[in-house]
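Residue numbers (our numbering): 62 to 445. Even for Gly, the Cβ is constructed at its ideal location relative to N, Cα and C. Just below is one structure, and these are the notes that go with it.
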């Protein structure tokens, strides 16, 4: 009986430790909820609201019907009607389209009377999450529309000339696919920018937060209480070594991507490196902010995993199309720095475009850096 009471006292003591450490308790409770919600809503290979640009020189009733059917589906949203085929690249560069439909001239006449209506599907191959599925869904809609035209043509010819349905020339719509930026649709073209963002975010933030919290646990941080050094200088001194280490990690990742995985840097290497260094600074500032909020290394690691790894994997567009997520999660994804970094790296590294085509994403990263660094300095000073 005494052994049992002693055992229960140990159990009660552990419960008291858990209940007193409210931050760890909250992390342990909130993490499963966050994981279930994110995986439940974000873990979907379906595509929705894929942006479609259309070039239709004939603009007849048939092409209008087909475009309307595509726009009415849950998978696509027609966002632009182009004046020429040259507008396709501009639509991709401005991110106003994910795919483009290019009809040939006199599409209806060629499809119904000549049996050879041609439709070209041009895909922005830098996003492999969307590319293959979008082509499949468009082809399915076109196939159904072809059957509709065939039935209508048969009925019209039968009522007009009395000929049998079997003698009607077949209605044919031929589709061809062209993949821009990624002709072979290699998944590495999509995953490499995402993996770069995840590695830099986790390594930078986790290294910084754990290092500073470790000093708190050892008591060496108390020296700062009597130090005349300003909080910003302390933060800068903490960040510089990890910035250098992270830059070296960036060099390794880029070399492996280019020489081992064969993902080319189609754009400016200088801008890819500079934007990556900016993202490293953002990640380091997040790590410093985490270190000001917790006092244990285990909690710092848990928060880094929950707050950084899961959103970076699921809400950045790395694995799943953001367009397919609920609107709430789409708005949440705007608060994930890795999303903007991955978007900008895809533009420069995969599409080979200049910095002006991703300037908005770069400016948003600068905003993240300013706000998070300011919060870190404020919290650091407040803690001291």
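Nearest to residue 127 by C-alpha distance, out of 365, 421, 234, 364, is 234. A direct Cα-Cα distance of roughly 40 angstroms separates residue 416 from residue 357.
In this chain, the beta strand (DSSP E) harbouring residue 239 covers 234-241.
Per DSSP, the unbroken alpha helix (DSSP H) holding residue 149 starts and ends at 148-154. Beta-bridge analysis with DSSP links residue 181 to 163, 237.
Put simply, of 413, 236, 394, 338 the residue whose alpha carbon is nearest the alpha carbon of residue 427 is 338.
Taking the Cβ atoms as the reference, residue 327 lies roughly 7 angstroms from residue 412, within the contact range of under 8 angstroms. Looking at 201, 215, 300, the one whose alpha-carbon comes closest to that of residue 437 is 300. DSSP places residue 355 outside both helix and strand once states are collapsed to three, so it counts as coil. Residue 384 holds the alpha-carbon nearest to the alpha-carbon of residue 158 among 384, 390, 392, 424.
Taking the Cα positions, residue 113 is about 12 angstroms away from residue 192. Listed as beta-bridge partners of residue 418 by DSSP are no residues whatsoever. Closest by C-alpha distance to residue 320, out of 390, 74, 340, 249, is 249. In the assembly as shown, residue 376 is a buried residue. Its beta-carbon has 16 or more other beta-carbons within 10 Å. Shortest Cα-Cα distance from residue 348 to any of 236, 132, 262 involves 262. Here residue 269 is buried. Its C-beta has 16 or more other C-beta atoms within 10 Å. In the DSSP annotation of this structure, the continuous segment of the alpha helix (DSSP H) that includes residue 274 starts and ends at 249-279.
For residue 115, the enclosing beta strand (DSSP E) begins and ends at 111-116. Looking at 389, 387, 388, 431, the one whose alpha-carbon comes closest to that of residue 398 is 431. Counting of Cβ neighbours within 10 angstroms places residue 331 among the exposed residues, the total staying below 16. Counting C-beta atoms within 10 angstroms of its own C-beta, residue 316 has fewer than 16 neighbours from the protein chains shown and is therefore classed as exposed.
Straight-line measurement puts the Cα of residue 418 at about 33 angstroms from the Cα of residue 201. According to the DSSP assignment, residue 128 belongs to no beta strand (DSSP E) but to the alpha helix (DSSP H) extending over 122-133. Inter-residue distance for residue 136 and residue 122 is about 22 angstroms (C-alpha atoms, whole angstroms).
CA-CA distance, residue 213 to residue 423, rounds to 52 angstroms.
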